[in-house]
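Chemist: For reference, the structure I am asking about is given below.
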Amino acid sequence: MKILKLEILVFTTNLSRIIVKEDLQMKVNKAIYVIVALFLGGLGIHKFYADKFGQGLFHLLFFWTGIPTIISIIHAIFVIFTKKADKDGYIIFPKN
Numbered sequence: 001m002k003i004l005k006l007e008i009l010v011f012t013t014n015l016s017r018i019i020v021k022e023d024l025q026m027k028v029n030k031a032i033y034v035i036v037a038l039f040l041g042g043l044g045i046h047k048f049y050a051d052k053f054g055q056g057l058f059h060l061l062f063f064w065t066g067i068p069t070i071i072s073i074i075h076a077i078f079v080i081f082t083k084k085a086d087k088d089g090y091i092i093f094p095k096n
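Reminder that position 47 of the sequence shown reads as 47 in UniProt numbering, one-by-one numbering, no gaps.
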């Protein structure tokens, strides 16, 4: 419901577009994100850093299986090669 309301605001003014953009995206430092994903990814710390609390909780609950560690290493490699950082070293993730 909130997303639908914000999408309606996109078509009204430029100011609301900025609000929608800030509200639906999370900017994180690429280097920090990758390092945290590689070393603490099994606990989901990189997901909490990117403001993805649901995914972070999933990693935290199942860290004992080792599966979140494998997933976070794959995700870190994916981010290294596919996400381009801006001039300040930040990448953007959509908020969930």
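No residue lacks a Cβ here, since even glycine has one placed at the ideal position from N, Cα and C. Note that the coordinates shown come from a computational prediction; the quantities given were computed from them, not determined experimentally.
So what's residue 75 in DSSP terms, helix, strand or just coil?
Modeler: helix
Chemist: DSSP beta-bridge partners for residue 55?
Modeler: For residue 55, which the question treats as bridged, DSSP gives no partner whatsoever.
Chemist: Given this structure, state the Cα-to-Cα distance separating residue 56 from residue 63, to the nearest angstrom.
Modeler: Near 10 Å, if we compare the C-alpha coordinates of residue 63 and residue 56.
Chemist: Contact defined as beta carbons within less than 8 Å: I believe residue 60 pairs with residue 43. What is the distance between those atoms, to the nearest angstrom?
Modeler: 6 Å
Chemist: Could you pull the start and end residues of the alpha helix (DSSP H) that residue 47 belongs to?
Modeler: In this chain, the alpha helix (DSSP H) harbouring residue 47 covers 45-49.
Chemist: Taking the alpha carbon of residue 65 as the reference point, which residue from 32, 28, 41, 47 has its own alpha carbon closest?
Modeler: 41
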